[in-house]
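Protein sequence lines, in the order shown, are assigned to chains A and B.
Counting with my numbering, you get residues 743 to 1189 for the letters of the first sequence.
Counting with my numbering, you get residues 543 to 925 for the letters of the second sequence.
For glycine and all other residues, C-beta sits at the position ideal for the given N, C-alpha and C.
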Amino acid sequence: MARQSTIAAVRFGYGFHPKQPAPQDGGALLDQARLALRADPPMMVDDKAVRRAKAQAFRDARGDQERRKALRRELRLGAFRDIAARYERRALSPHGFRGRLAAFWLDHFTVGFKNISQFHYYAGYEDETLRPYLGGHFADMLKAVVRAPAMLRYLDQVASIGPNSPIGRKRGRGLNENLAREVLELHTLGVGAGYSQTDVREFAELLTGFAFRPAKGTFRFVPRRAEPGTETVLGRRYGGDPARASDVDELLEDLTRHPATARHLATKLAAHFVADEPDPDLVWHIEAAWTRGGGALMPVYEALLEHPAAWAATGGKVKRPQDLVLSTLRASGVRPANAGKAQMKRGRLLFRSLRTMNQPPFQAPGPDGWAEEAEAWITPQGLAARLEYASAAGKQLGRSGDLDPRDFAKIALRDLLTENTKWVVNAAPERWEGFALVLASPEFNRR
Amino acid sequence: MDRRTFLGTACSAAAWPLITPVVVAAAPGDRRLVVIVLRGALDGMGMVQPYGDRDFAGLRPTLAARPGAGLTDLDGFYGLADQFAGLMPLWRAGELGFATAVSTPYRGKRSHFDGQDLLETGSGGPTGQLSAGRGGWLNRALALIPGARAETALAVGQQRMLILDGEADVSAWSPRTKLALGDNGRGLLNKLYSNDRLFAEALTGAEMFADGEGRKAKRETGKTLARFAAGRLKDQARIAAFSLGGWDTHRGQAKRINGPARMLTDALITLRDQLGPVWRNTAVIAVTEFGRTARENGSRGTDHGTGGVAILSGGAMRGGQVQGRWPGLGEGDLYEDRDLMATDDVRRWAAWLLAGQFGVGRSNLEGTVFPGLEMGRDPGMLG
């Protein structure tokens, strides 16, 4: 049985760092969740205005293929630097649980984009929309999410206009139900809950008016796009004339307090952190804390961390590729790359590794995010990709410094290192293969 | 977590290249069946347009086309939208037909994820909630085809596909990665995973098929999948299934449907070309989780609906006709005043194909493969 600090570091963080102590227990993890936003400073790879200007220049260059190509390249390089900074921050922070929570919510409220010129809408999503509420209240995070340009774009809210609103009538435009449906189905109640197509429709009408200023990338409520009158969702009436953004907030607060939401989120948290098929008592315990606190998140995390199931032996879950990469960065104790070329190269390497393993950032297959189950990732194809990644990363580690792979195994796995893996690493004919085998080992891929 | 997280969907804003699996299975005889799952909900009325319905143009001010202006007439009532014009040679050869106003029994929330689950499991329940471990309908059908060797089925690609999930032992092949460790490394990997069944089984699969063709560009997806499936079907395989995504056209449908339409066209044409003499014995059915709204929405797209279209193709198919009972689009004709009414169960069409191609009995089809289905009269698809 692993030490408690080991479980805290591996199940609730990104594993061990050669120079950082592991968090001692659940209390230490809760302290991380409670930290102020500045504990992990926001990423500042490029000023947002600069990004927007570049994206605009790219759009304006339509027709000039040469210039577009150059600008696209520049945008891609910026995105790679962004990925490097994002992953380094998460992997190297002493507050791994905060990073894991941010990742959980980023996946729960999945967004994605198709064209690199849209990246600037998404770059700030984690820092501005999710992280401020990590230790706060679910309702506040939800309100921020439905106002985020990234989400408004991703789920087509930007195209939804009240058919009887002044703009709707003038232009003959109407509703788009996408965001309303997914808020109910994925973000709050869950698909098994008792809502109907009419609820989706009425919610979509209530959401009309939610838009953003493209030039600044900030939320804007446009009354002239809002459907007039009240809307009834789940049996309660919302809104009226004149329409206000706060009408939606009332509904989001009710959804937060809804028993189906408590159940849905408790199940999801338990499945993400503890076991693909979690102990029903653990789910119930988290659900009860959600209900008592009305969606306040600290008591929910506390319930998760105080339950005995959270401290059962590790190894039941498989790290998704993003977490495999993050724990590799962490175990190897890399230093953040210098801004500029080194950062760009590291970001490109990270991106390519993640693409090979089928989990590139911001490209989840759908708004329901990435698969959770071990079996979804450890397929023949998925494992082949992990081995390719382990080989490439092993070669890199083998080139740098004079660390012995057997010592790396101890640093990366501490008391989780099994005799079998120790034997295999020791038997590796080449140094790089030793590193690769540590990264490919079941105990490094599981948590 | 439930099973639906396995299923990738290509939603409107998330239409990233999705490498989908091809699942194949061997069986005796020379008949072939290809099942294509169109993920994201194909707009049946956008593809096979009922231009002869007097209410059609009114429901779709920008999306409705007319013969010579956006579509090719098929039978005086329906026309094939120009985005799918590449399929006209198949239609003219009598190797392409359609069943309109069909759907699964799924009703209510119009969730992609539940709709696709239901489509793949073949369940008769309306809610899309599954009992765990039920597996896919094709898998259940395999168990009923004498001499079918389900254990030789292969899955290609990154994701598992529910349609062939179940008891049968399915191995998978990776088209785009290769094992990077040398021969020595292989022995070490076997030892490394000797105490971990999940990893050990995956490694066996990865080793068996380590040398595949490289990853093709996204635009080649339809061709790549069809070429692979055709290769297997010419050999031992008799059943193949794969999916094509990108159909969730909430905005700017006329343009956004070009990509997926091209994939589907490529897939069918490639199957015909690659299968050669075997095409004559082949039936293809392409199905989607549900149709889309009868009315165009506010952003020149369509939202999640109910009745849709099933695409029937192949040299064994009696094509050149649009089947199905058209429910009309007038006042009171629409389902919940928004969707094309489904007048038929799409599972019926798949069931009759299994009966015709492989002799699966009616009681088995209605009891085991598609629980609760009433197959009714044979629509006479097979020539």
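Around the beta-carbon of Met587 of chain B, 16 or more other beta-carbon atoms lie within 10 Å, marking it buried.
In this structure, Leu843 of chain A and Ala775 of chain A form a Cβ contact; the two beta carbons are roughly 6 Å apart against a cut-off of 8 Å. Going by DSSP, Tyr937 of chain A is part of no beta strand (DSSP E) at all; its letter is neither H nor E. Secondary structure of Met785 of chain A (DSSP, three-state): coil. The straight-line gap separating the alpha-carbon atoms of Pro965 of chain A and Leu949 of chain A is approximately 11 Å.
The beta-carbon separation of Gly794 of chain B and Gly833 of chain B, rounded to 19 Å, does not stay under the 8 Å limit for a contact. The criterion of a C-beta distance shorter than 8 Å is satisfied by His1049 of chain A and His1027 of chain A. In the displayed model, Met893 of chain A falls within a helix according to three-state DSSP. Check the Cα spacing between Pro1103 of chain A and each of A:Val787, A:Gln762, A:Arg810, A:Leu848: the tightest is with A:Leu848. Of the candidates A:Glu1029, A:Gly959, A:Ala935, A:Glu1029 places its Cα closest to the Cα of Glu1044 of chain A. For Ala643 of chain B, the enclosing beta strand (DSSP E) begins and ends at 638 to 645.
Within the segment 793 to 817 of chain B, the complete alpha helix (DSSP H) segments of 4 residues or longer fall at 795 to 798, 800 to 817, listed in chain order.
The Cβ atoms of Thr807 of chain B and Phe626 of chain B lie closer than 8 Å to each other. The beta-bridge partner set that DSSP reports for Gly959 of chain A is empty. In the assembly as shown, Gly914 of chain A is an exposed residue. Its beta-carbon has fewer than 16 other beta-carbons within 10 Å. Runs of the alpha helix (DSSP H) lying entirely within the segment 845 to 906 of chain A and spanning at least 4 residues, in chain order: 861 to 865, 880 to 887, 891 to 896. Under a criterion of Cβ atoms nearer than 8 Å, the residues of chain A adjacent to Leu734 of chain B are, in order, Asn1162, Thr1163, Val1166, Leu1179, Ala1182, Ser1183, Pro1184.
Taking C-beta separations shorter than 6 Å and ignoring five residues to either side along the sequence, the partners of Leu897 of chain A in its chain run Asn920, Leu921, Glu924, following chain order. Within chain B, the residues Gly840 have their CB atoms less than 7 Å from the CB of Ile903 of chain A, given in chain order. The beta carbons of Leu777 of chain A and Arg840 of chain A sit closer together than 8 Å. Cα atoms of Ala683 of chain B and Leu1066 of chain A: separation of roughly 39 Å, rounded to the nearest angstrom.
Residue-level contact check: Lys651 of chain B touches chain A, since one or more beta carbons of chain A fall below 8 Å from its beta carbon. Under the 8 Å criterion on CB atoms, Ala607 of chain B is classed as non-interfacial with respect to chain A. Interface annotation, Gly856 of chain B: not in contact with chain A, CB-CB separation never under 8 Å. Counting of Cβ neighbours within 10 angstroms places Asn737 of chain B among the exposed residues, the total staying below 16. Those residues of the segment 872 to 899 of chain A placed with their C-beta closer than 8 Å to a C-beta in chain B are Arg895, Tyr896, Leu897, Asp898, ordered along the chain.
Against chain A, a Cβ distance below 7 Å from Gly727 of chain B picks out Glu1175. Around the Cβ of Glu808 of chain A, a 10 Å sphere holds fewer than 16 other Cβ atoms; the residue is exposed. DSSP places Tyr1131 of chain A inside the alpha helix (DSSP H), whose first and last residues are 1122 to 1141. Per DSSP, Tyr648 of chain B has no beta-bridge partner at all. The residue among A:Arg1088, A:Glu1172, A:Glu1117, A:Gln1105 with its C-alpha nearest the C-alpha of Asp824 of chain A is A:Arg1088.
In the DSSP assignment, Arg978 of chain A falls within the unbroken beta strand (DSSP E) covering 978 to 981.
The beta-carbon separation of Leu1181 of chain A and Ala1132 of chain A, rounded to 4 Å, stays under the 8 Å limit for a contact.
At a cut-off of 8 Å between C-beta atoms, Asn906 of chain A does not count as an interface residue with respect to chain B. Here Glu1019 of chain A carries a coil assignment [DSSP, helix/strand/coil].
In the DSSP assignment, Leu854 of chain B falls within the beta strand (DSSP E) that extends over 850 to 855.
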